Every structure is written in C-alpha cells, then in structure tokens.
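Trainee: In terms of the numbering used here, the sequence shown opens at residue 239 and continues consecutively. For each residue, glycine too, the CB sits at the ideal point set by N, CA and C. Bear in mind the structure is a predicted one, so any value in this text is a computation, not a measurement.
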Amino acid sequence: MMMMMMIIMMMVMMMLITMVIMMMMMMMMVMVVVVVVVVVVVVVVVVVKVEEVVVVLVVVVVVGVVVVVVVVVVVVVVVVAVVVVEVIVVLVVVIVVVDKEEEKDTTNIMMRILMDSCYCRDYIKYFVAFSV
C-alpha cells in the first residue's frame, strides 16, 4: 500500500513538473513573439518614416498582443483543467484500489484468525481426548 501511494505521488509530481515545463515554454514563446514584434516595429519605424505604416504597425502590435494574451489564458485554463482531471483520476484510483486491497487484507486476516481458532479448537480437542 505504501508503495502504491509512493508511485501515485511520483506520478502526480511528474505531472505537475511537466505542466510547469509546458507553462514555461509557452511563456518563452510569448516573450519571443513580443520581442520579434517590437523589433520589427522599431526597425520599420526607424527605416520607413511613414505615419500610415506606423498606424498599421500599431494595429498589428495590438492584435498580436491580444492573440498572445488569449493563447496564454487558454493554455492556463487547459493546464489547470488537465491537472484537476488527473488529480481526480488519481484520487479515484487510490480510493478504489487501496480500499479493495485493504478489504482483501482484512478478509485474509479474518480468515487466518478463523482458521487459527479452528486449529486451536482441534488441538484442544486432541489434548482433552489424550489427557482423558
């Protein structure tokens, strides 16, 4: 049972670590996108000094930032949902499997006690018979 709990705890820890790594990768991707957009805007503004281009670039930057924020929010929601579902599954597995194992153990113990008591009774009978 302790081994089972340890295995499940390790699974949960690995799950959480993978989720954190995914989150870090997403944040890195977002940062790269933002940096690229900013660099492109600065280069275009410096090289081409046209107001219309600046307006277009501002619109593009705003749209890009909104898209990045939406992607981050969706990823966070999905990660949280996956973690919750996996934790629920692990808890259900723990409850079902551990309960069944404990029931088996208790029934085995009860059977052993009954068998031992039967053997004791037999020994007492034999002892009484021989002593008489």
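#1: What does the alpha-carbon distance come out to for the pair V320 and V285?
#2: Roughly how many angstroms lie between the CA atoms of V280 and V300, to the nearest whole one?
#3: In whole angstroms, what is the alpha-carbon distance linking V400 and V296?
#4: Rounded to whole angstroms, how far is the Cβ of V268 from the Cβ of V306, which I believe are closer than 8 angstroms?
#5: Going by Cα to Cα distance, which pick from M244, V314, V276 and V277 is closest to M263?
Mentor: The short version:
#1: 46 angstroms
#2: 15 angstroms
#3: Within the shown structure, residues of the chain are numbered from 239 to 370, placing residue 400 beyond reach of any answer.
#4: 5 angstroms
#5: V314
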